[in-house]
C-alpha cells in the first residue's frame, strides 16, 4: 500500500480506540466494561483489549476497588492544554460571520461584563436598510434579548444586583414586568424556549432581536449570539428557518467550546 493511500485510510485501530474514549466522555461518569462496550458498539473482549492499551498510555485509568474505568491523567492534560489554547472570542467571531452570511441579518456576539452583557463584535448584512450595533455597548438585562439570555442562564447571585437595579429604576422594563417574581417568570420562559425573542416593545422602536446562549466545556453560559433586524424583517415564528439557523450556530459553537448539552428543540 502506498504512503498516500495509507494516509487517506488512516489507522483503524486508533479510530476504534478514539471511539472508546468518546463513549467514556459522553458517559459523563466512571463506567463498567460492559457499559463502555455497549456505548462503543463492540464486544466486551475487544473493548477490554483497547482499554489495556489506553491505560498504558495514561488516557484511561481503572479503579481497583470498583473495576470501573475513567479518563486518565494524560486525557486530563490534553483537555487542559486544549482549553488553554482555545480562543472563545475568535471562534465566536467566526460563528457570527458565518451566520450573517447564511441569514443576511445583522449578527452580534456578546459576553458578560462588569455591568451586564457587552457587545464585542457585530457583522453587517448585505441589506440597504440595516440595524447598526455599537461595539462596547452594555445591554439591559430585561430589556434586551441578549440580556435575557444572560439573565436566564447565569447563576442568580451573579445577576442579582443588576436585576434589582433595573427593577428599582424601572427603566425600559418589559410590559408586565413589575416585580422580582415577574422578572423570574420572564427568564424562566427564556430557559424553557431556549432563546430570547423580542419583537415589538423593544428598547429601540422599530427594532427586533433574537438571542441564543453559548455554553463552555463546563456547560456554563459563556457568550450569546444575537440576530438584530428592522421590525418585521425576521421571521419570529416557531418554524422560522432563521431562528433555526441561530440555534444551530449557537449549539455548534457550544460544542466547539466543549459543551455536552443537547441541541435545543424547536420553539
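Residue numbers (UniProt numbering): 1 to 267. Yeah, the Cβ is synthetic: ideal placement off N, Cα and C, and Gly gets one too. Computed from a predicted model, the values in this text were never measured in an experiment.
Just mark residue i as buried or exposed, buried being the case when its beta carbon has 16 or more other beta carbons within 10 Å.
i, result
"residue 14", "exposed"
"residue 265", "exposed"
"residue 25", "exposed"
"residue 236", "buried"
"residue 89", "exposed"
"residue 144", "buried"
"residue 223", "buried"
"residue 208", "buried"
"residue 4", "With a pLDDT of only 44 at residue 4, under the threshold of 50, the placement of this residue in the model should not be trusted; the figure read from the coordinates follows. Exposed, since its Cβ has fewer than 16 Cβ neighbours within 10 Å."
"residue 45", "exposed"
"residue 241", "exposed"
"residue 80", "exposed"
"residue 11", "exposed"
"residue 176", "exposed"
"residue 261", "exposed"
"residue 170", "exposed"
Quick check: the Cα distance between residue i and residue j, rounded to an integer number of angstroms?
i, j, result
"residue 40", "residue 93", "35 Å"
"residue 114", "residue 253", "24 Å"
"residue 68", "residue 74", "18 Å"
"residue 54", "residue 82", "19 Å"
"residue 180", "residue 168", "10 Å"
"residue 71", "residue 38", "17 Å"
"residue 117", "residue 193", "20 Å"
"residue 320", "residue 182", "Any question about residue 320 goes unanswered here, given that the chain covers just 1 to 267."
"residue 133", "residue 121", "8 Å"
"residue 227", "residue 106", "6 Å"
"residue 247", "residue 195", "8 Å"
"residue 229", "residue 100", "12 Å"
"residue 188", "residue 87", "30 Å"
"residue 125", "residue 146", "19 Å"
"residue 257", "residue 160", "27 Å"
"residue 108", "residue 131", "11 Å"
"residue 43", "residue 59", "20 Å"
"residue 127", "residue 51", "55 Å"
Output yes if chain B places a C-beta closer than 8 Å to the C-beta of residue i; else output no.
i, result
"residue 44", "No chain B is part of this structure, which consists of one protein chain only."
If you follow the beta strand (DSSP E) that residue i is in, where does it begin and where does it stop?
i, result
"residue 241", "That residue, residue 241, is in no beta strand (DSSP E); its alpha helix (DSSP H) goes 241-256."
"residue 206", "Residue 206 -> no beta strand (DSSP E), and no H or E assigned at all."
"residue 196", "196-199"
"residue 225", "221-230"
What span of residues does the alpha helix (DSSP H) with residue i cover, start to end?
i, result
"residue 185", "180-193"
Query - Residue ranges of each beta strand (DSSP E) within the segment 53-125, 3 or longer - result: 60-62, 69-71, 106-113, 116-123
Query raised in the report: Which runs of the beta strand (DSSP E), 3 residues or longer, sit entirely within the segment 121-161?
Result: none
Requested in this report: With a floor of 4 residues, list each alpha helix (DSSP H) that falls wholly inside the segment 10-36, ordered by position along the chain.
Outcome: 12-27
Report task. Give a yes or no on contact between the segment 209-218 and the segment 142-157, applying the rule of three or more CB pairs nearer than 8 Å. Result -> yes
Report task. Evaluate the contact criterion for the segment 28-48 versus the segment 59-75: three or more CB pairs, one atom per stretch, below 8 Å. Result -> yes
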